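> All the letters of the first sequence, read from the start, carry residue numbers 51 to 156 under the numbering used here.
Virtual Cβ for every residue (Gly too), placed ideally from N, Cα, C.
Just so you know, these numbers come straight off a predicted model, no measurement behind them.
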Amino acid sequence: MRKKTPSFADRCYQMLKKVPRGKVTTYRHLAHALGSRAYRAVGQAMKRNPNAPRVPCHRVVRSDGTLGGYAGGVAKKKRLLTREGVRLRGDRLTELKRQLHTFGMR
DNA sequence: TATTTGACCAAGA
DNA sequence: ATCTTGGCCAAAT
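(1) If we call anything under 8 Å between Cβ atoms a contact, is V110 one with T75?
(2) Do L138 and K147 come within 8 Å of each other at the CB atom, strictly closer than that value?
(3) Let me make sure I understand the geometry here. Which of H151, G135, D141 and T144 has the alpha-carbon closest to that of G72?
(4) From A59 to A95, what distance separates their C-alpha atoms?
(5) Taking all protein chains shown into account, decide if G140 is buried (16 or more other Cβ within 10 angstroms of its Cβ) or exposed.
(6) Please report the Cβ distance between L130 and H151, rounded to the nearest whole angstrom; I am assuming they are in contact, meaning their Cβ atoms lie under 8 Å.
(7) Classify R61 as buried or exposed, calling it buried when 16 or more other Cβ atoms lie within 10 Å of its own Cβ.
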């Protein structure tokens, strides 16, 4: 018996892997999908261990449709999203509701 | 153990 | 519509 309980951060990464290309989720939705309200902690997790290409952390945005942060710089996040077909107007998504991945939750 | 820190959020002014 | 404020939770200090 040696398995440790996965940290909250690890569960975030796992869950985030389910967000397909061209879609996004929010810090809040991600936390909610994990049965938690720790949306701030989600942000912390993304910042500290971006597990680089493994986890699409650029697909996590704020609930109000603005981008939020990115370890490699927000400009980069913008570019990645645009490249996947997510359209922006400045630092804000134009069609958040439409491209939101809700993890099968309503 | 206690305190501090955020890639946040909803509500108020 | 924008800006500020208080609260929230896990993890790092």
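Per the coordinate set shown:
(1) The answer is yes: Cβ separation under 8 Å.
(2) Cβ distance not < 8 Å, so K147 and L138 don't count as in contact.
(3) If we check each option's Cα against that of G72, G135 comes out closest.
(4) A59 and A95: Cα-Cα distance of roughly 5 Å.
(5) Burial is judged here by how many other beta carbons sit within 10 angstroms of a residue's own beta carbon; G140 has fewer than 16 and is exposed.
(6) The pair is not a contact, with the Cβ atoms about 16 Å apart (cut-off 8 Å).
(7) With 16 or more Cβ atoms within 10 Å of its Cβ, R61 is classed as buried.
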